[in-house]
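Scroll down for the structure; my scribbles are underneath it.
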Amino acid sequence: MASITLPARSDTQAHPNIRPLSVLRDLPPVADLIESCFSSTMDGDGKRYVQDMRRAGSDNSFLQWAKRAADSTSLPLTGYVWEEDHRIVGNVSLVPFRRDKHRLYLIANVAVYPEYRRRGIARALTLRAMQHARERKIRDIWLNVRADNPEAVHLYESLGFLERARRTTWQAVTDSRVEGNRTDIAVTNRHPRFWIQQLEWLSRLYPSDLAWHSKWNFSLLKPGFLNWLYLFFIDTNVRQWAAVNPSAGSGDSLLAALSWIPTGRGESLFAAAGERSDPEALTVLLQQARHDLYRYYSNVSLEFPVSRFDDAIQAAGFKPQRTLIWMQAPTP
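Here the working numbering is used: the first residue of the sequence shown is 12, the next is one more, and so on.
Have a look at this one:
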């Protein structure tokens, strides 16, 4: 297939094959495109997302609402498509979010059918998405890309995006028969005296730079009667464990902490460990969680930065599902 020629100033001029996404007619073909491009790596949330797009495309009341709300809701209702041969062959979505009091955009769903790749279409669509954001005075632009997709990583780096975080989603089957490692490390309930240290570790491992997307709410883990009463009224059963060194006495003996906040999907484990924490402490905590949560879910997930703890997580019976590189566009 012949290559295309992009305009000399593709950062400011849209290619004639690019047009804005129309939520009134484009959602079903875009869902087909996304499924075709990402089906081999799509998790449960991704599959539900594609199904939701197809349902939304046939729901007139939703379409009318979406047309009005496209630029104010955290849904992929804004974007651009590449049309060729009388069909949509490429797509990019722009998902609006808020961090503190300012708006930002997440570039998502950059997809091109295989037979149309290596022609600059993904690059042109991404540039158009960046231009869309900057036309609206939004300078904070993010995207995430799988670490096992080096071509896409190279594309975004060539456009100036910088890596800000690299995080892996891990998953394990719960099992009441799981036995912990033979070790001197003891697992106990999280004591209130460990909260300050735990929160410090959590703040580093789950940074505020990404909280706009993941909506981590660690206030639910805070000790105290008022928080317990709040959890009681919202019917949320938070579980917390601590790995301690018994030989350290009652002082600063916390090695690592693990929390479970129910989300309805089991993706609710949050680990806290320090730079000098023993990785084995995290292993025994995760094994304990797999054992204790058997009554609630068939599997549990943990999202955690790529780090020296990777082997410890794997030793607890968790398997990596995907590693995402979070990238941010340079400020113009």
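For glycine and all other residues, C-beta sits at the position ideal for the given N, C-alpha and C. All values reported here derive from a predicted model rather than from experimental measurement.
Please go through the same chain and pick out, in chain order, the residues whose beta-carbon is closer than 8 Å to the beta-carbon of Q332, but skip the five residues on each side of it. Taking the sequence shown and counting its residues from 1, one reaches residue 332 at position 321. Here the set comprises D54, T179, T180, W181, Q182, S312.
Three-pair Cβ contact test at 8 Å for the stretch 160–172 versus the stretch 195–214: In this structure the stretch 160–172 does not touch the stretch 195–214; the number of beta carbon pairs closer than 8 Å is below three.
Limits of the alpha helix (DSSP H) - the one that L38 falls within: Within the sequence shown, numbered from 1, the residue matching residue 38 stands at position 27. First-last of the alpha helix (DSSP H) with L38: 38–49.
Give me the Cβ distance between I336 and V156, rounded to the nearest whole Å; I'm assuming they're in contact under 8 Å. Indexing the sequence shown from 1 puts residue 336 at position 325. Indexing the sequence shown from 1 puts residue 156 at position 145. Contact between I336 and V156 holds, since their C-beta atoms are separated by about 5 Å, short of 8 Å.
Given that a residue counts as buried once 16 or more other Cβ atoms are within 10 Å of its Cβ, and exposed if not, what is S309? Locating residue 309 in the sequence shown gives position 298, where the first residue counts as 1. S309 comes out exposed.
Sort out for me which residues DSSP pairs G101 with in a bridge. Numbered from 1 along the sequence shown, position 90 holds the residue referred to as residue 101. Paired residues: W93, V123.
Coarse secondary structure for R319, derived from DSSP in three states: Within the sequence shown, residue 319 is the residue found at index 308, counting from 1. Three-state result, R319: coil.
Here's the rule: buried if 16 or more other CB atoms are within 10 angstroms of the residue's CB, otherwise exposed. What is N102? Start at 1 with the first residue of the sequence shown, and residue 102 comes out as number 91. Buried is the call here.
With burial defined as no fewer than 16 other Cβ atoms inside 10 Å of the residue's Cβ, what is the status of W1: buried or exposed? Residue coverage of the chain in this structure runs from 12 to 343, which leaves residue 1 outside it and unanswerable.
Anyone know if the C-beta pair for N200 and Q142 falls short of 8 Å? Walking along the sequence shown from the start, residue 200 turns up at place 189. Walking along the sequence shown from the start, residue 142 turns up at place 131. The criterion of a C-beta distance shorter than 8 Å is not satisfied by N200 and Q142.
Cα-Cα separation, R319 to P290: Position 308 of the sequence shown holds residue 319. Position 279 of the sequence shown holds residue 290. Taking the straight line joining both Cα atoms gives about 8 Å.
Three or more C-beta pairs closer than 8 Å, one from the stretch 49–66 and one from the stretch 127–146: is that the case here? no
Starting from P290, trace the beta strand (DSSP E) both ways and give me its first and last residue. For the purposes of this step, residue 290 is identified with residue 279 of the sequence shown, where counting begins at 1. Run containing P290: none in the beta strand (DSSP E); it sits in the alpha helix (DSSP H), 290–303.
I need the straight-line Cα distance from A135 to D303, nearest angstrom please. Along the sequence shown, read from residue 1 onward, the residue named residue 135 stands at position 124. Along the sequence shown, read from residue 1 onward, the residue named residue 303 stands at position 292. So the alpha carbons of these two residues sit roughly 50 Å apart.
Cut-off 6 Å between Cβ atoms - residues of its own chain near F281, not counting five sequence neighbours on either side: Locating residue 281 in the sequence shown gives position 270, where the first residue counts as 1. S270.
Whose C-alpha, out of Y60, R66, Q298, A284, is nearest the C-alpha of L35? Residue mapping note: residue 35 aligns to position 24 of the sequence shown, counting from 1. Comparing Cα-Cα distances from L35 to each of Y60, R66, Q298, A284, the minimum goes to R66.
Enclosing alpha helix (DSSP H) for T137 [first to last residue]: Mapped onto the sequence shown, residue 137 falls at position 126. That run of the alpha helix (DSSP H) goes 132–146.
Counterpart residues of Y116 in DSSP-defined beta bridges: Stepping through the sequence shown from its first residue, residue 116 is reached at position 105. Y116 is bridged to P107, I152.
Smallest Cα separation from G171: which of V184, T137, D195? Walking along the sequence shown from the start, residue 171 turns up at place 160. When only C-alpha atoms are compared, the closest one is T137.
Quick one: residues in its chain with C-beta nearer than 6 Å to the C-beta of A158, no 5 flanking neighbours on either side, listed in chain order? Here residue 158 is taken as the residue at index 147 of the sequence shown, counted from 1. Closer than 6 Å at the Cβ level, and outside the excluded window around A158, lie T334, I336.
What's the C-alpha gap between A284 and A267? Sequence index remark: in the sequence shown, residue 284 carries index 273 (1-based). Sequence index remark: in the sequence shown, residue 267 carries index 256 (1-based). Whole-angstrom Cα-Cα distance: 5 Å.
Run through DSSP, which three-state label would M64 get? Residue numbering aside, residue 64 sits at position 53 when the sequence shown is read from its first letter. DSSP places M64 in helix when its eight states are reduced to three.
Quick check: what's the CA-CA separation for R301 versus H97? Taking the first residue of the sequence shown as 1, we reach residue 301 at position 290. Taking the first residue of the sequence shown as 1, we reach residue 97 at position 86. Those two C-alpha atoms are separated by around 51 Å.
Coarse secondary structure for L88, derived from DSSP in three states: Start at 1 with the first residue of the sequence shown, and residue 88 comes out as number 77. Residue state, collapsed to three classes: coil.
At which residue ranges does the stretch 209–256 contain complete beta strand (DSSP E) runs of 3 or more residues, listed in the order of the chain? Fully enclosed beta strand (DSSP E) runs of 3 or longer: 250–255.
Rank L265, A176, L296 by C-alpha distance to the C-alpha of R287 and give the top, closest one. On the sequence shown, residue 287 is found 276 positions in, with the first residue counted as 1. Considering only alpha carbons, the answer is L265.
Looking at the C-beta of Y308, does it have a partner C-beta in chain C at a distance below 8 Å? The displayed structure is made up of one protein chain only, and chain C is not part of it.
With DSSP run on the structure shown, which of helix, strand or coil describes V164? What you label residue 164 is simply residue 153 of the sequence shown in a count that begins at 1. Three-state DSSP puts V164 in a helix.
Which residues mark the beginning and the end of the beta strand (DSSP E) in which N192 is found? If you number the sequence shown from 1, residue 192 lands on position 181. Note, N192: premise wrong, no beta strand (DSSP E); not H, not E.
Any idea if D22 is buried or exposed, counting beta-carbon neighbours within 10 angstroms, 16 or more meaning buried? By 1-based counting over the sequence shown, the position of residue 22 is 11. Caution applies to D22, whose pLDDT of 42 falls short of 50 and renders its modelled position unreliable; the value that the coordinates give is listed next. So D22 counts as exposed.
According to DSSP, residues forming a beta bridge with P331: As a first step, residue 331 is located in the sequence shown; it is residue number 320 there, counting from the start. Answer by DSSP bridge pairing, in chain order: W181.
What's the C-alpha gap between D151 and I118? The residue given as residue 151 occupies position 140 in the sequence shown. The residue given as residue 118 occupies position 107 in the sequence shown. Straight-line Cα distance between these residues: approximately 11 Å.
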